[in-house]
Each structure stands twice: as structure tokens, then as C-alpha cells.
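FYI, UniProt numbering numbers position 23 of the sequence shown as 23, with every residue one higher than the one before it.
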Amino acid sequence: MVVSSPELLAHVGDSALLGCVLPSAVKKQVTKVDWMFSSQERAEGEFVLYYFANLSVPVGHFKDRVHLVGKISDNDGSILLQNVREADQGVYTCEIQVHKESAVFKKTTMLRVVPAKLTTPKPTDAFRTDVLSNYQHVIIVGIVCFTIILLAILGVTMRRSHRHHRSENHLENTSKAKSEAHVYSTVTTQPVIEEEESSRASEATYMTMQPVWPSWRAEQKKSSAIMPETEQTLERPRFAKRPPTKEDPGSQ
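This is the structure we're talking about:
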């Protein structure tokens, strides 16, 4: 039984998976697996890998590049060909033998190899150094700009705070000056009031003293002119002593 798979395409340097699975719903005991390679340059087939007695052995120029990756217990004898070369292009044939069966299962796979993919060159150390240097410059410039902006904001804040403090001090000094002027005016007016009160008291005392003695003298003169001398003598003791009053200067 021979089964052909579609054409398999691989790039130079890539890995190619060559599948070979026995189509059976029932697990069978695989005793032998052989992989053969043939090409236009090599008409005679050559071994790629063979499996026997639980051992897989790669051979030929595939020795270091081919590995059995299929699980034999699951009727899978697939192989993996690594680092594909242009000389690997050709037909690969897989043969599977089952215990106590004479039939051999075969599967062929056409491997076509194409040039390697065009890849972008990896950045060199110099390029990485330039990129890192530019990145560091950007970071440094950003830090400097941020510092300048921060200092400017701090300076504006300090100026506003200083102006506010000065205005508060000015208002406080103005209020103090006004309060001191008010106290000074009250202190200076107090002696004037006391002097006015004392002067008024003295004037009142003087006014109460004026009508006492002149009237008494006038009455005495009138009585001395009209009355006889004897009567004047008798009447004098009546005015000789007068009870002192609070308004008299000597009563105090």
C-alpha cells in the first residue's frame, strides 16, 4: 500500500516535517520503519533513517540533521529534517512493516527546496549603541526641561507667597498705627477734661462766695447809719458770729 502526500515546500535553512502514519483504526505492532531518499542526481535510493527493535538510526549525509519524532506505538513513523539544503530536494519514501503481516505500508513525499527568506539584518552592536545613546540624550533633555519648569513654578509660588506676606505685614502695621493714634487722642483729651472740670468747680465756688460778705457789709453800714450807737452795740453780737458753711474758705 503506497500513499502519496502533497508537495512539501521548505526554505533553505528551515526544518521540514515528513509525515508517515499508518492509516488504521486499530493499533498495530510496528516492527520496522525505513526512510529512503531519491533525486534526479541520485537515481539510486539511499537510506535516511531506519527503525528496528526500538532503535532509530539516521544514516548518510542526513545523519546529524534527521530525527524520528513520531510515536511508534501510535503507528506514527514521522521524521524531522533540520537545516534543509538545496541538495535535500527530492522524493522521500517511508516504509512501515507490521508484526505478522506481509503487507508493507509505503508513503512518498516530494520535498521542494527554495532559497532562503529575505530577512532584515539584525542590529549590530554599533547600531544598538547609537540607539541607546540617542535614547539617553532624550531622557537627559526631558529631565532638564522638567527641572526648569519645576524651578519656574517654584519661583512663581515663592514670589506670590512673599508678596502675600508683605501685604499682611503692611496691613498689620497700618492697623497698629491706627490703634496707637486712637489711644494717643484719648490720653491727650483726658487732662483737658479734668482741667475744665476743676476750673468749673473753682468758678462755682467763687460764685457762691461772692454774695455772702458784700451783703453783710451793706446791711451793717445801713444799720449803723440809722440806729443809735447803743443799738448798734446791742445788735453787733447778732452778726459777730455766723455758723461756718461749706462754701466759706475757712470751713475747709
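Where a beta carbon is used, it is the ideal one built from N, C-alpha and C, also for glycine.
Would you mind reading off the limits of the beta strand (DSSP E) that contains residue i?
i, result
"valine 104", "104-114"
"lysine 32", "30-38"
"phenylalanine 47", "46-52"
"glutamine 97", "90-98"
"alanine 10", "8-11"
"histidine 67", "66-68"
"alanine 16", "16-18"
"proline 23", "No beta strand (DSSP E) contains proline 23, which DSSP labels as neither H nor E."
"isoleucine 79", "79-81"
"leucine 118", "Careful: leucine 118 lies outside any beta strand (DSSP E) and carries neither H nor E."
Please confirm whether any heavy atom of the ligand GDP lies closer than 7 Å to the CB of residue i.
i, result
"glycine 60", "Ligands in the displayed structure: none, and consequently the ligand GDP is not present."
Between residue i and chain D, is there a C-beta pair that is closer than 8 Å?
i, result
"histidine 164", "The structure shown contains no chain D, having only a single protein chain."
I'd like to check one pair, residue j with residue i: are the Cβ atoms closer than 8 Å?
i, j, result
"arginine 112", "leucine 17", "no"
"serine 78", "glycine 19", "yes"
"glutamine 40", "valine 98", "no"
"valine 33", "alanine 116", "no"
"serine 38", "leucine 81", "no"
"aspartate 76", "valine 26", "no"
What is the rounded straight-line gap between the Cα of residue i and the Cα of residue j?
i, j, result
"threonine 174", "isoleucine 143", "46 Å"
"lysine 107", "leucine 118", "33 Å"
"histidine 61", "leucine 132", "45 Å"
"valine 183", "glutamate 168", "Any answer about valine 183 is weak, because its pLDDT of 48 lies below 50 and its placement is not dependable; what the coordinates show is given next. Taking the straight line joining both Cα atoms gives about 23 Å."
"phenylalanine 146", "serine 161", "23 Å"
Worksheet entry | Segment contact, 8 Å Cβ cut-off, at least three pairs: the stretch 44-57 with the stretch 139-157 | no
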